[in-house]
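Undergrad:
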Amino acid sequence: MPDQPRPRVLSGIQPTADSFHFGNYLGALRQWVDLQDEFEPFFFIADLHALTVEHDPKKLAERTRVAAAQLIAAGIDPERSAIFVQSHLPEHAELAWVLNSLTGFGEARRMTQFKDKSAKGGEGAASVALFSYPILQAADILLYRPQYVPVGEDQRQHLELTRDLAQRFNHRYKKTFRLPEPYILKETAKIVDLQDPTRKMSKSASSPAGIVDLLDDPKVTAKKIRSAVTDSDTVVAFDEEKKPGVSNLLTIYSTLTDRTVEDLVAAYDGKGYGDFKGDLADVVVEFVTPFRDRTHELLADGDELDAVLRRGAEKARAVASRTLADVYDRVGFLKA
Ligand code: TYM
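Residue numbers (the working numbering): 8 to 343.
(1) Which whole-angstrom value describes the C-beta separation of serine 18 and tryptophan 39, a residue pair presumed to lie in contact below a C-beta threshold of 8 Å?
(2) Which two residues bound the contiguous alpha helix (DSSP H) that contains valine 40?
(3) Considering just the uninterrupted stretch of the beta strand (DSSP E) at arginine 15, what are its terminal residues?
(4) Determine, using beta-carbon pairs with one atom in the segment 135-147 and one in the segment 52-66, whether at least three such pairs fall under 8 Å.
(5) Give me the Cβ distance between proline 350 and proline 153, rounded to the nearest whole Å; I'm assuming they're in contact under 8 Å.
(6) Label leucine 341 either buried or exposed according to how many other C-beta atoms from any shown protein chain fall within 10 Å of its C-beta, with 16 as the threshold for buried.
(7) Thinking C-beta only, is valine 243 closer than 8 Å to valine 253?
(8) Hey, how far is the Cα of histidine 6 from the Cα of threonine 23?
(9) Nearest to threonine 296 by alpha carbon, out of Phe46, Val92, Ala80 and Leu33?
(10) Starting from leucine 176, trace the alpha helix (DSSP H) in both directions and tell me its first and last residue.
(11) Which stretch, first to last residue, makes up the alpha helix (DSSP H) that contains tyrosine 280?
(12) Using only alpha-carbon positions, find the residue among Lys322, Tyr155, Leu201 and Ala274 that is nearest to leucine 42.
(13) Which residues does DSSP list as the beta-bridge partners of valine 156?
(14) Pairing CB atoms from the segment 299-315 with CB atoms from the segment 211-231, are three or more of them under 8 Å?
(15) Would alanine 229 and alanine 288 qualify as a contact pair, given that the criterion is a beta-carbon distance under 8 Å?
(16) Provide the residue(s) that pair with lysine 207 in DSSP beta bridges, ordered along the chain.
(17) Is the beta carbon of methionine 208 within less than 7 Å of some heavy atom of the ligand TYM?
(18) Can you tell me which residues form a DSSP beta bridge with proline 141?
(19) Taking glycine 30 as the reference, which of Phe112, Trp104, Leu67 and Glu160 has the closest Cα?
(20) What span of residues does the beta strand (DSSP E) with isoleucine 52 cover, start to end?
(21) Just to confirm, are alanine 75 and leucine 256 a CB contact at a threshold of 8 Å?
(22) Any chance the CB of glutamine 174 is under 7 Å from a heavy atom of the ligand MN?
(23) Using three-state DSSP, classify aspartate 224 as helix, strand or coil.
(24) Under the criterion of a Cβ to heavy atom distance below 7 Å, does alanine 244 qualify as lining the ligand TYM?
(25) Would you mind working out which of Leu172, Lys65, Arg70 and His99 sits nearest glutamate 114, comparing C-alpha positions?
(26) At a cut-off of 7 Å, would you count histidine 56 as near the ligand TYM, judging by its Cβ distance to the nearest heavy atom?
(27) Could you tell me which residues DSSP pairs with histidine 28 in its beta bridges?
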């Protein structure tokens with residue numbers, strides 16, 4: 008395995024909505040931003056994954072651009088990080104095919120995200136792409152031999168499968184892949200829905216009032232925070248079991264202000280939920296307003312955005328094509 012001057016970090020996000028939401032931002036993107044100094048960073052927009060559920064081809068390219076702009080607005084620096092689009096690198100789909108051959112049918116069926124996403128229409132109506140989605144994700148990761156993959160809790164099982172497949176390949180052929188480690192921060196691993204705090208905030212499952220989109224009108228966002236479900240008592244305290252709604256809001260507040268949860272609990276001692284939610288709404292608006300402005304500014308220069316994605320793809324290709332060449336050699340393919 009070639010030596011890496013700096014260990015790598017890699018992660019991806021799907022362009023399946025008009026905006027990223029607070030779960031994406033707090034659960035994943037913030038960590039991407041923090042890790043880009045210490046590690047060699049690769050971040051991509053998972054447009055191949057967007058085909059696993061019904062999608063609108065008229066919107067996909069635009070959402071991919073909006074995703075790229077949001078990554079930069081969130082603090083991913085295109086000078087330091089390779090920001091790229093998954094479909095620009097055929098290596099992802101090519102390695103996925105090889106990994107398909109190493110994955111058991113039962114193993115893929117155990118993935119809870121497949122069970123959840125196929126539950127509505129039934130397994131028969133789900134696409135084969137949805138079924139093999141985690142194997143493509145494993146390919147995304149293993150191509151770059153990263154040390155860390157910063158994600159939210161919902162991706163943990165996919166990371167476990169990735170490690171299993173890496174180990175299996177290394178064992179069956181020759182040591183080729185590095186075993187990646189999930190990088191999941193406990194505090195923000197699962198941001199929950201504002202209206203139903205027993206569920207995670209999710210673009211596919213949350214109601215509009217339960218999800219905070221980063222690109223929403225800040226006034227709408229403030230209203231959503233003020234109307235978030237809390238509970239029948241009035242004490243601002245952190246208890247994920249008994250007070251999941253308030254605890255979620257405390258997590259959001261704490262992460263956006265760098266104040267500890269204990270500090271916030273002490274500050275709101277004796278005050279009601281109204282004050283607490285009102286102040287948090289202000290904090291959130293202060294965060295999303297410049298984020299939104301910056302995203303729109305970046306989107307206004309489409310040529311520059313495309314250039315960033317081209318440069319990102321070049322950096323990514325230099326790494327991905329070498330890994331794929333090793334894999335093809337090891338499985339015994341005749342050289343082209
Ligand atoms: P996606 O696009 O659903 O979400 C992007 C990131 O946001 C995290 N996330 C959350 N974290 C905390 N609380 C939440 N409510 C919440 N909702 C979303 C996700 O965990 C994720 O880190 N399969 C991936 C995309 C992907 C990928 C990869 C990730 C494709 N290939 C390779 C890492 C490495 C997905 O659908 O994420």
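Cβ coordinates follow ideal geometry from the N, Cα and C atoms, glycine included.
These numbers come from a predicted model, not from an experiment.
TA: Once the coordinates are examined:
(1) 6 Å
(2) 37-42
(3) 15-20
(4) yes
(5) Given that the chain is displayed from residue 8 to residue 343, the structure contains no residue 350 and the question cannot be resolved.
(6) exposed
(7) yes
(8) Because the chain here runs from 8 to 343, residue 6 falls outside it and cannot be looked at.
(9) Ala80
(10) Sequence check: residue 176 is phenylalanine here, not leucine. First-last of the alpha helix (DSSP H) with phenylalanine 176: 163-179.
(11) 280-307
(12) Tyr155
(13) Pro189
(14) yes
(15) yes
(16) Val199
(17) yes
(18) BP columns for proline 141 are empty, so no partner.
(19) Glu160
(20) 47-52
(21) no
(22) The ligand content of the structure shown is limited to the ligand TYM, which means the ligand MN is not among them.
(23) coil
(24) no
(25) Leu172
(26) yes
(27) Asp220
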